[in-house]
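Here is the structure we will look at, set down as structure tokens.
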Amino acid sequence: MKKKLVRGAAVVLGFVGLVVVGLGTRFYVLLPNARPAPDMKAPTTPEAVAKGKYLVEHVTGCTGCHSPIDESRPGDVPVEGKRGAGRDFGPMGKAPFRLRAANLTPDPDTGIGKASDGEIVRAMREGIGRDGRALFPQMPYQTYAKTLSDDDALAIVAYLRTLAPVKNDPGKTEIRFPVSMFIRALPQPLTGSPPPAPPPSDKLARGNWLLDVASCHDCHDTTNERMEKIPGKAFGGGTRYPVGSKTIVAPNISSDKATGIGAYSDDDLRRVFDEGKGKSGRTLYMMPWSYYSGMTKEDKEAMIVALRAQPPVSNLVVAKGLE
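Read in order, the letters of the sequence shown are residues 73 to 395 in the numbering used here.
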């Protein structure tokens with residue numbers, strides 16, 4: 073009887089092993105779900121390049137992640153001469169990954185010099201690298217899939233093509249199993265183009281669009297232990313992000329007066345955008361305010377209107393900086 077039980081257990085375990093191997097093979101053979109890069113061509117007009125520069129340098133803040141950062145200065149300011157050259161974020165505590173942001177300069181060997189415009193747009197909005205791998209969602213492609221129209225995305229490409237080429241290979245992001253499997257399951261092909269950005273005349277709609285495309289939700293929404301956003305907790309803060317050997321905790325920027333920014337005046341909020349200073353005068357080192365400070369006055373006012381319209385979330389965030 074014992075032998076039968078052992079033999080039966082071995083059969084069951086073997087079957088389970090085959091299922092696990094089969095599922096793993098399915099993940100790695102069938103995923104990520106990707107389509108061929110679309111056939112797109114970025115314009116080269118001064119107007120398109122200027123639009124792309126505004127989006128990259130003052131709204132999306134692409135070069136804040138994709139550049140080596142001058143750690144002596146607040147606001148994610150790139151090292152001189154290295155704008156867009158990629159970034160190795162280094163070890164992040166016990167996180168099962170090591171993030172590396174790609175070189176976005178036109179260097180043909182280590183940057184985007186050999187990538188087609190369609191491949192770059194696909195990476196931005198669908199999370200698929202030129203080599204077919206799934207990008208880590210710190211690159212907010214799921215947000216851009218809903219917010220960056222074809223015109224906006226191609227304007228960004230047009231500007232990136234004008235950056236000074238820098239030969240620098242930051243390497244590929246490393247993701248440990250089983251997290252790597254879930255990352256591969258996230259990308260989805262985009263069908264059609266997202267709608268164009270709302271005009272400045274519609275302050276609330278424009279402001280909400282800016283809050284999305286500037287990735288404010290990606291840092292400030294309250295998340296659970298699996299880093300999944302909690303419904304009803306938009307901008308509630310409290311998510312902890314490993315930064316080297318330290319941790320930064322995102323503040324609550326909902327309209328709650330006691331624990332959020334409800335008690336901030338409009339001038340207080342303008343100071344956040346323009347100077348990177350909180351209401352108490354504390355410097356906001358990790359917020360990319362050096363990018364947002366270059367927004368037009370109309371866009372900053374639209375963001376303030378949209379922030380005021382967010383539902384209050386009562387969530388006292390004690391630690392608001394590096395720990």
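A virtual CB, placed ideally from N, CA and C, is assigned to each residue, including glycine.
Neighbourhood of Ala-187 by C-beta distance below 7 Å, restricted to the same chain and skipping five residues each side: Arg-202
message: Does Met-299 pass the burial test, meaning 16 or more other C-beta atoms within 10 Å, or should it be called exposed?
response: exposed
- prompt: Does the beta-carbon of Ala-296 have 16 or more other beta-carbons within 10 angstroms, so that it is buried, or is it exposed?
  reply: The sequence given here places Asn at residue 296; Ala does not occur at that position. Answer is exposed; the Cβ neighbour count stays below 16.
task: Please report how far the alpha carbon of Met-211 lies from the alpha carbon of Arg-159, in whole angstroms.
output: 13 Å
task: Taking all protein chains shown into account, decide if Thr-177 is buried (16 or more other Cβ within 10 angstroms of its Cβ) or exposed.
output: buried
- prompt: Can the beta-carbon of Ala-322 be found closer than 7 Å to that of Cys-291?
  reply: yes
- request: State the DSSP-derived secondary structure class of Val-93, mapped to helix, strand or coil.
  value: In this prediction, Val-93 has a pLDDT of 48, which is less than 50 and means its spatial position is unreliable; nothing more can be read from the coordinates.
task: Would you check if the distance between the CB atom of Val-149 and the CB atom of Ser-365 is smaller than 7 Å?
output: no
Spatial distance of Pro-383 from Ala-236 (CA atoms): 43 Å
- prompt: For Ala-217 versus Arg-197, is the C-beta distance shorter than 7 Å?
  reply: yes
message: Using 7 Å as the threshold, is the C-beta distance between Ala-114 and Ala-230 below it?
response: yes
For Phe-254, the first and last residue of its enclosing alpha helix (DSSP H): 251-256
message: If the criterion is Cβ atoms closer than 7 Å, does the pair Ser-337 and Val-385 meet it?
response: The answer is no: Cβ separation not under 7 Å.
task: Tell me whether Pro-104 sits in a helix, a strand or coil according to DSSP, three-state version.
output: coil
- prompt: Which value, in whole angstroms, describes the spacing of the CA atoms of Ile-192 and Glu-347?
  reply: Their backbone Cα atoms lie some 32 Å apart in a straight line.
field: With 16 other Cβ atoms within 10 Å as the buried cut-off, status of Arg-155
entry: buried
query: Does DSSP put Lys-275 in a helix, a strand or coil?
result: helix
message: So the candidates are Pro-146, Val-128 and Gly-183; which of them puts its Cα closest to the Cα of Asp-241?
response: Gly-183
task: Report all residues from its chain with a CB closer than 7 Å to the CB of Thr-117; omit the five preceding and five following residues, and keep chain order.
output: none
message: Once DSSP output is grouped into helix, strand and coil, what is the label at Lys-218?
response: helix
- prompt: First and last residue of the alpha helix (DSSP H) that includes Glu-373?
  reply: 369-381
- request: Can you tell me which of the three DSSP states Glu-246 falls into?
  value: Annotated three-state conformation of Glu-246 is strand, per DSSP.
field: Host alpha helix (DSSP H) of Arg-194 (start-end)
entry: 189-198
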